[in-house]
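Each remark here refers to the structure printed beneath this line.
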Amino acid sequence: ERYSATLARTMLHVAVRLYQPDAEGRQVIAILRTAVPLTSVQNALRSVSLAIVFGAVVLALAFAVVSVVLTRRISRPLQDLKEGAKEYSRGRFAHHLAVSGFEEIGALAQAMNDMAAQLDEKIKTVTRQRSEQEAILRGMVEGVLAVDNAEHVVSMNNACGRMLGVNPDGALGRAIQEV
2 ERYSATLART MLHVAVRLYQ PDAEGRQVIA ILRTAVPLTS VQNALRSVSL
52 AIVFGAVVLA LAFAVVSVVL TRRISRPLQD LKEGAKEYSR GRFAHHLAVS
102 GFEEIGALAQ AMNDMAAQLD EKIKTVTRQR SEQEAILRGM VEGVLAVDNA
152 EHVVSMNNAC GRMLGVNPDG ALGRAIQEV
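Read in order, the letters of the sequence shown correspond to residues 2 to 180 in the working numbering.
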């Protein structure tokens, strides 16, 4: 760059040698020299810099939007699984989890649905068996008393309560010696 007194401005000068091939190699036939006002170069650089910054900002915003969309798309099925697990923990096994489009999450949802169905069936079976057992014990005329390893009453029918002179419901959980 150099100040041009005739144009009264700073100019950027570039010179290039022009060659012509000959038998001995290359021979310089001319020197091409040009000059451009430095302000024009600076303005062009400024425009390119602004375009790059603007492009970077737009790209960053686009990545942010895509990240938010993908995060929600992934986290929503996980939130649904969490809510479903809470329903199962409350004993609401009829709650059915939606099987997601993501393979792993969908497989987990299906496994949880299967688990809930099995738990529901087992709880119903145990409840039914317990009701049958209680009905049999209530109908027996013989006294039946069951204790656990720590010698606490776990079951007593009415006939046993009459024999011992105690309320069968009040004896549950108490030590056999107290009854």
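Heads up, the beta-carbon is just placed ideally off N, CA and C, and yes, glycines get one too.
For residue i, does the three-state DSSP call read helix, strand or coil?
i, result
"Gln28", "strand"
"Met12", "strand"
"Asp149", "coil"
"Val37", "strand"
"Val167", "coil"
"Arg47", "helix"
"Val180", "coil"
"Leu19", "strand"
From residue i to residue j, what distance separates their C-alpha atoms?
i, j, result
"Ile177", "Ile124", "29 Å"
"Gln43", "Leu13", "10 Å"
"Leu181", "Ile75", "Lying outside 2 to 180, the shown extent of the chain, residue 181 is not represented and no answer is given."
"Val49", "Phe55", "10 Å"
"Phe103", "His96", "20 Å"
"Leu33", "Tyr4", "19 Å"
"Gly166", "Ala147", "16 Å"
"Gln119", "Tyr89", "12 Å"
Determine the burial state of residue i: buried for a count of at least 16 other Cβ atoms within 10 Å of its Cβ, exposed for fewer.
i, result
"Ile106", "buried"
"Ala117", "buried"
"Gly171", "exposed"
"Phe94", "buried"
"Pro169", "buried"
"Val154", "buried"
"Met157", "buried"
"Val70", "exposed"
"Gly174", "exposed"
Is the beta carbon of residue i less than 7 Å from the beta carbon of residue j?
i, j, result
"Gln108", "Leu98", "It is worth fixing the name first, because residue 108 is Ala in this sequence and not Gln. No, the Cβ-Cβ distance between Ala108 and Leu98 is not below 7 Å."
"Leu46", "Thr11", "no"
"Ser101", "Pro78", "yes"
"Val145", "Cys161", "yes"
Ranges of the beta strand (DSSP E) found wholly within the region 70-148, counting only runs of at least 3: Taking only runs of at least 3 residues, the beta strand (DSSP E) segments lying wholly in the region 70-148 are 146-148.
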